[in-house]
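Q:
There are 4 protein chains.
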Amino acid sequence: MTTTLAALNAASEADFTAALADIYEHSPWVAQAAAARRPFASLAALHAAMTEAVRAAPPDKQQALVKAHPDLAGKAARAGALTADSTNEQASVGLDRLTDDEYARFHRLNDAYQAKFGIPFIVCVRRHSKDSILREFDRRLAHGGPQEFDTALGEIFRIGALRLDGRVSAPDRLAVTGRLSTHVLDVHAGRPAEGIAIELRELSAAAADRVLLRAVTNGDGRTDAPLIGGRPLPIGSYELRFSVAAYYTARGVPQADPPFLDVVPIRFAIAEPEGHYHVPLAMTPWSYSTYRGS
Amino acid sequence: MTTTLAALNAASEADFTAALADIYEHSPWVAQAAAARRPFASLAALHAAMTEAVRAAPPDKQQALVKAHPDLAGKAARAGALTADSTNEQASVGLDRLTDDEYARFHRLNDAYQAKFGIPFIVCVRRHSKDSILREFDRRLAHGGPQEFDTALGEIFRIGALRLDGRVSAPDRLAVTGRLSTHVLDVHAGRPAEGIAIELRELSAAAADRVLLRAVTNGDGRTDAPLIGGRPLPIGSYELRFSVAAYYTARGVPQADPPFLDVVPIRFAIAEPEGHYHVPLAMTPWSYSTYRGS
Amino acid sequence: MTTTLAALNAASEADFTAALADIYEHSPWVAQAAAARRPFASLAALHAAMTEAVRAAPPDKQQALVKAHPDLAGKAARAGALTADSTNEQASVGLDRLTDDEYARFHRLNDAYQAKFGIPFIVCVRRHSKDSILREFDRRLAHGGPQEFDTALGEIFRIGALRLDGRVSAPDRLAVTGRLSTHVLDVHAGRPAEGIAIELRELSAAAADRVLLRAVTNGDGRTDAPLIGGRPLPIGSYELRFSVAAYYTARGVPQADPPFLDVVPIRFAIAEPEGHYHVPLAMTPWSYSTYRGS
Amino acid sequence: MTTTLAALNAASEADFTAALADIYEHSPWVAQAAAARRPFASLAALHAAMTEAVRAAPPDKQQALVKAHPDLAGKAARAGALTADSTNEQASVGLDRLTDDEYARFHRLNDAYQAKFGIPFIVCVRRHSKDSILREFDRRLAHGGPQEFDTALGEIFRIGALRLDGRVSAPDRLAVTGRLSTHVLDVHAGRPAEGIAIELRELSAAAADRVLLRAVTNGDGRTDAPLIGGRPLPIGSYELRFSVAAYYTARGVPQADPPFLDVVPIRFAIAEPEGHYHVPLAMTPWSYSTYRGS
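Protein chains in written order, with my numbering: chain B, 21 to 314; chain Y, 21 to 314; chain Z, 21 to 314; chain W, 21 to 314.
1. Grab the span of the alpha helix (DSSP H) containing ARG178(W) for me, first residue to last.
2. Who are the neighbours of GLY164(Y) on chain W, taking C-beta pairs under 9 Å?
3. Would you report the Cα separation of GLU33(Y) and ILE142(Y), rounded to the nearest angstrom?
4. Is it the case that the Cβ atoms of PRO246(Y) and SER314(W) are separated by a distance below 7 Å?
5. Please name the residue in TYR308(B), PHE137(B), SER224(B) and SER263(B) whose C-alpha comes closest to that of ALA289(B).
6. Assign ARG234(Y) to buried or exposed, taking buried as 16 or more other Cβ atoms, counted over all protein chains shown, within 10 Å of its Cβ.
7. Is VAL236(Z) buried or exposed, if buried means 16 or more other CB atoms sit within 10 Å of its CB?
8. Please return the same chain residues whose Cβ sits closer than 6 Å to the Cβ of SER106(Y), not counting the five positions on each side in sequence.
9. Is HIS298(Z) close to chain Y? Criterion is C-beta to C-beta, closer than 7 Å.
10. Could you give the DSSP three-state label for ASP277(Z): helix, strand or coil?
11. List, in chain order, every chain Z residue whose beta-carbon is nearer than 9 Å to that of PRO246(B).
12. Going by DSSP, what residue range makes up the beta strand (DSSP E) through THR107(B)?
13. Spell out a yes or no on whether the segment 205-219 of chain Y and the segment 177-190 of chain Y are touching, meaning 3 or more CB-CB pairs, one atom from each, closer than 8 Å.
14. Going by beta-carbon coordinates alone, are GLY249(B) and VAL204(B) separated by less than 7 Å?
15. Under 7 Å between the Cβ atoms of PRO293(W) and GLY215(W)?
16. To be precise: take each residue of the segment 258-279 of chain Z, compare its Cβ to all Cβ atoms of chain B, and keep it if any distance is under 9 Å. Which residues remain?
17. Using the Cβ count rule (16 or more neighbours within 10 Å means buried), how would you classify PRO300(W)?
18. Identify which residue in GLN110(Y), ASP42(Y), ALA291(Y) and VAL273(Y) has its Cα closest to the Cα of VAL145(Y).
19. So, does the segment 163-181 of chain Z touch the segment 122-141 of chain Z, judging by three or more C-beta pairs under 8 Å?
20. Going by beta carbon distance, what residues of the same chain come within less than 8 Å of SER112(W), once the five residues before and after it are set aside?
21. Could you tell me how far apart the beta carbons of ARG193(Y) and LEU63(Y) are, in whole angstroms, since I believe they sit closer than 8 Å?
22. Could you please give me the residues that DSSP links to HIS296(Y) through a beta bridge?
23. Since GLY210(Z) meets chain Y, which of its residues come closer than 8 Å, beta carbon to beta carbon?
24. Taking only beta carbons into account, state which residues of the segment 175-206 of chain Z come closer than 9 Å to chain B, listed in chain order.
25. Opposite VAL145(W) in the DSSP bridges: which residues?
26. Return the CA-CA distance between LEU66(Z) and GLN52(Z), expressed in angstroms with no decimal places.
27. Compute the Euclidean distance between the alpha carbons of ASN108(B) and ARG178(B), then round it to the nearest angstrom.
28. Are the segment 39-58 of chain Y and the segment 76-85 of chain Y in contact at 8 Å, needing three or more beta carbon pairs?
29. For GLY210(Y) and ARG58(W), I'd like the C-alpha separation in whole angstroms.
30. With PRO252(Z) and VAL196(Z) assumed to form a contact (beta carbons below 8 Å), what rounded beta-carbon distance in angstroms separates them?
31. Using a C-beta cutoff of 7 Å, does ARG287(B) count as contacting chain Y?
32. Grab me the residues of TYR268(B)'s own chain with a C-beta within less than 6 Å of its C-beta, minus the 5 sequence neighbours each way, in chain order.
33. Any Cβ of chain Z within less than 7 Å of the Cβ of ARG242(B)?
34. Taking a Cβ distance cut-off of 7 Å, strictly less, list which residues of the segment 85-113 of chain Y are near chain W, in chain order.
35. Please report the straight-line C-alpha distance between PHE126(W) and ILE153(W), rounded to a whole angstrom.
36. Taking the CB atoms as reference points, tell me whether ALA73(B) and ALA88(B) lie closer together than 7 Å.
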């Protein structure tokens, strides 16, 4: 259920708090603290007020906020006892579809983390793939306690920003989304390549690759919509596959038999979920080049 | 057991014929016919004399030569009843390590071919991968009889050329070998990339990919030996993998985390077994290009 | 002085004709003939009506229209006796700034053309450079008479379309403009190159090169405005110069002394005045690539 | 007049000294000092012995050696009073063909240098272009005296190495030569570009560009000989020009009219006279790329 910034500015404190109660997990007091600072000229100002409320809260209240978060892929998730937001977020990265082995691995990591830090492992899952969450576990288990508590708060602010951006219409948007795009140039003919079949795959060290999208380039050599857009780009490994031989065959361009290039794979990793990744292909039947553009 | 062209030129007819009896499968008469045309100034001239002897032979003798060849991956192979040459040739492409399903598939195709043409399916297997042999079956089963008989003779000449080139030292060599090479340029630093780990894989539509070779580039950005050389390049699909991120990490070049490019795959097909394929990589941590060179 | 399509649709026949009298050189009858076909839903429809009026006119009237055009760089131009439109058009390509030698060359070509075809040489100069006009003279002097009369009419329609598009505001625009743009990628750093100095030159076989524009790339690696836009791209030869060494020096990237690449020139020709030419540069201190995009 | 290392090893001290008297300008004592250290297993050992003799000499002898060198483009050169070696060396970089303005400029710089350091300006001219010598003047005029005396000795050793390598045959060669090469790949057709006309120009800030060489690529897309080889590469700016449009026109490949790419220029600088510079071009009618290879 979305609302507008104007409506929030005009609402009673109770209605304001109710509308934003879920932005911080089980912690309506964050919204309530921000209510007093109205009106907000922008969504960014509202988000800042909420993060400041958390930062200004006494340690035990911050602790309670952190501990209000569920385990990743934990028992609560299996039991269907998560908030609606947490359920959707964990599903977005496939944590609701783990094999028994994967579930056991997350269970062990959650336990190790709880044992060391006394809080649940919190990560803004919409910015991650399953592989990168597992790497985060490893990386953060090496932290000291205070550093890790800060890291957990930082992730909570990212989660809050995404929830807020999704729920409140305002003149501005929070910088929580990225974009992945491509462009295919036929440098054999000196024009954009129209009609190239493209496949985007998420690669995983642990699990099978997953086809995220299939598309065909338009007259400008681009896809009609970004390959990923309007959301954070999950940190992880990807492969773009371009059906080069089929394209040239359809245009009657002579090729070897079998063609020197058939399906061209480009493997790359995304490290900045809010970044713009442009991964073009300039090709002939005998050559190609690519780069990270933006 | 190898010999020299000079020795063959000086040998008795009987010795000459014995030395080259195996060049044409179970058909020493080909060598015998060539003996009369000595001396040979070159291996090419000897090879030409043997192919001319076959072409000049009466139809029934040609038929007998063709039929002297074993089935590919056939019962004789399983029973160990092939000539030494045929055994080695079939093993070179993995026909001695077929799964039961693959064996059954070859069996069916051999039968279909025999039923249509009345001769065994003959192909110069050293010029092929398992996948391309299966495509050859499909392609050649569509031939008419006389066209296919010519095709079979052509393959026999290729087999003969390879056997001859392997067994006789001469001032010249027959044009029966190809070469696959690579070269890695670090265009971030403006010099050849030394120490890049490279892997060459054979890709298969039907079976699992197979690592053919691992190598590391030398100071000139090349491998010390060609990736494939001194033999025909098997027609088929390949992938070269270049460990780009590890290279730049070792040199302290800043990269994203995870690196934008980690292992760069280049997939290509070889169509000309006697060709020179040069597949270079020019790269930075953020871009690369490749082409078919020679 | 511009007007709107709506105003033209609503005007008296006399006012309509007066407003568009100059679209066809000294030939208000073309506008008058189109007036009867009002209202026009689009500028394209108005342009079509005017060209149809010319095509439907009797031969002597067409001849008169053609002969109403001045010589290119002719005596009338030197004497200041051209229409305002012709004066501006001829100036756009530098025909008002010829050396005496160039003037004499145009004079000779005009005379040769008049002698062969009995009409003045007409070309839509806004689509050309001085060099390409000279090539057009050569090309068209080889025509037969009827073919060349058609060519002359075609150029008159192009001139009319450009005049019309410049003088009448409407919901649509005529397809009379092209665009030249660039984009600089720093593939050494994996991001757009901000702050690269760019120079665009027109190259001439006959005269000195001419700097058309200097610009500096913005944060997206592009120029704030197209290099050429909102007008036809003059057919001709161009050079883009990119100050690569200065860019990397400013960023502290190690280079050779002197730098391997300093100012990178890209020379290309424009053949389609209404086309989109995108000429990007992807570079490191040691390498670069470019292509025609769009 | 050349000799062999073996002959030098076997010669009398007087003959040895006479044979190498000119290696160090007007200073046969350097050869004489080295004679006592015979036999030399390699040219490198002989060169090292001569440089050590200079380094071990008392300051006044070193001063005398330095002062024995003529001014660059000085009065002695104009008067024909140089040693044969110096005459050839100065001619190699065009110092014998200066305009009066250039002569005056060198004269001023020589005087400024003499005034500051009390020695003639010495540079191994075979490693330079006229432009880079002028830059060296600027750079070295900023030195302190002892640093500059060392620099002068270093240049004398380079001159000596080049003279020695040119005059004495030995199993080894001194590392005094570089190589500039190119390679043209037609990635439109997937093969080396045979028959591309290439021009190599030396660019000069001060003077007109100079065509150093014209060549046509062979079947491997290379020139039969290196563009520059067997000598040091003069530090300076160069342009390679590749006649791309003519190549594709000859092969019937469709291009725009005029062709998008006609003559492709690649401008680069050489900074390492003893380096290997490989500057390839991979092209289609619509795109190209280049890099510094080796």
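We treat Cβ as the ideally placed atom computed from N, Cα and C, and that holds for glycine.
If you're wondering where the values come from, they're calculated on a predicted model, not measured in any experiment.
A: So, from the listed chains and residues:
1. The sequence position of residue 178(W) within the fourth sequence is 158, counting from 1. First-last of the alpha helix (DSSP H) with ARG178(W): 165-187.
2. Mapped onto the second sequence, residue 164(Y) falls at position 144. Within chain W, no residue comes near GLY164(Y); the closest Cβ sits about 32 Å away, beyond 9 Å.
3. For the purposes of this step, residue 33(Y) is taken as the residue at position 13 of the second sequence. For the purposes of this step, residue 142(Y) is taken as the residue at position 122 of the second sequence. Distance between the alpha carbons of GLU33(Y) and ILE142(Y) is about 29 Å.
4. Reading the second sequence from its first residue, position 226 is the one you call residue 246(Y). Reading the fourth sequence from its first residue, position 294 is the one you call residue 314(W). For PRO246(Y) and SER314(W), no; Cβs fall outside 7 Å.
5. Position 269 of the first sequence holds residue 289(B). When each option's Cα is compared against that of ALA289(B), the closest is SER224(B).
6. Counting from one through the second sequence, the residue named residue 234(Y) turns up at place 214. Its Cβ having fewer than 16 others within 10 Å, ARG234(Y) is exposed.
7. Along the third sequence, one-based indexing puts residue 236(Z) at 216. That one is exposed.
8. Position 86 of the second sequence holds residue 106(Y). The residues are PRO90.
9. Translated into positions along the third sequence, residue 298(Z) becomes position 278. Cβ-Cβ to chain Y under 7 Å: no for HIS298(Z).
10. Working through the third sequence from its first residue, we reach residue 277(Z) at position 257. If DSSP states are grouped into helix, strand and coil, ASP277(Z) belongs with coil.
11. Here the question's residue 246(B) lines up with position 226 in the first sequence. By Cβ distance, chain Z contributes nothing, its closest Cβ being about 16 Å from PRO246(B), past 9 Å.
12. Counting from one through the first sequence, the residue named residue 107(B) turns up at place 87. That residue, THR107(B), is in no beta strand (DSSP E); its alpha helix (DSSP H) goes 104-112.
13. no
14. Position 229 of the first sequence holds residue 249(B). Position 184 of the first sequence holds residue 204(B). Cβ atoms of GLY249(B) and VAL204(B): not closer than 7 Å.
15. Here residue 293(W) corresponds to residue number 273 of the fourth sequence, with the count starting at 1. Here residue 215(W) corresponds to residue number 195 of the fourth sequence, with the count starting at 1. No. Outside cutoff.
16. none
17. Residue 300(W) sits at position 280 when you count from the first residue of the fourth sequence. Buried, since its Cβ has 16 or more Cβ neighbours within 10 Å.
18. Position 125 of the second sequence, counted from the first residue, corresponds to residue 145(Y). For the residues GLN110(Y), ASP42(Y), ALA291(Y) and VAL273(Y), the minimum Cα distance to VAL145(Y) belongs to GLN110(Y).
19. yes
20. Residue numbering aside, residue 112(W) sits at position 92 when the fourth sequence is read from its first letter. So the qualifying residues of the chain are VAL145 and ARG146.
21. Residue mapping note: residue 193(Y) aligns to position 173 of the second sequence, counting from 1. Residue mapping note: residue 63(Y) aligns to position 43 of the second sequence, counting from 1. That belief holds up - the Cβ atoms of ARG193(Y) and LEU63(Y) are roughly 7 Å apart, short of 8 Å.
22. One-based indexing of the second sequence puts residue 296(Y) at position 276. According to DSSP, HIS296(Y) bridges with ARG199(Y).
23. What you label residue 210(Z) is simply residue 190 of the third sequence in a count that begins at 1. Those within 8 Å of GLY210(Z) in chain Y are ALA276, PHE280, THR304, PRO305, TRP306 and SER307.
24. HIS203 and LEU205
25. Counting from 1 along the fourth sequence, the entry for residue 145(W) is found at position 125. Answer is none; VAL145(W) lacks a bridge partner.
26. Reading the third sequence from its first residue, position 46 is the one you call residue 66(Z). Reading the third sequence from its first residue, position 32 is the one you call residue 52(Z). For LEU66(Z) and GLN52(Z), the distance between alpha carbons rounds to 12 Å.
27. Taking the first residue of the first sequence as 1, we reach residue 108(B) at position 88. Taking the first residue of the first sequence as 1, we reach residue 178(B) at position 158. Straight-line Cα distance between these residues: approximately 15 Å.
28. yes
29. Locating residue 210(Y) in the second sequence gives position 190, where the first residue counts as 1. Locating residue 58(W) in the fourth sequence gives position 38, where the first residue counts as 1. Distance between the alpha carbons of GLY210(Y) and ARG58(W) is about 42 Å.
30. Taking the third sequence and counting its residues from 1, the one referred to as residue 252(Z) is at position 232. Taking the third sequence and counting its residues from 1, the one referred to as residue 196(Z) is at position 176. Confirmed, Cβ separation roughly 6 Å.
31. The residue given as residue 287(B) occupies position 267 in the first sequence. Yes, ARG287(B) lies at the interface with chain Y (some Cβ there is under 7 Å from its Cβ).
32. Reading the first sequence from its first residue, position 248 is the one you call residue 268(B). Excluding residues within five positions, the ones whose Cβ falls inside 6 Å are GLN275 and PRO305.
33. Mapped onto the first sequence, residue 242(B) falls at position 222. ARG242(B) does not count as touching chain Z.
34. none
35. On the fourth sequence, position 106 is the one that residue 126(W) refers to. On the fourth sequence, position 133 is the one that residue 153(W) refers to. Distance between the alpha carbons of PHE126(W) and ILE153(W): 10 Å.
36. Here residue 73(B) is taken as the residue at index 53 of the first sequence, counted from 1. Here residue 88(B) is taken as the residue at index 68 of the first sequence, counted from 1. Their beta carbons are not under 7 Å apart, which means ALA73(B) does not touch ALA88(B) by this criterion.
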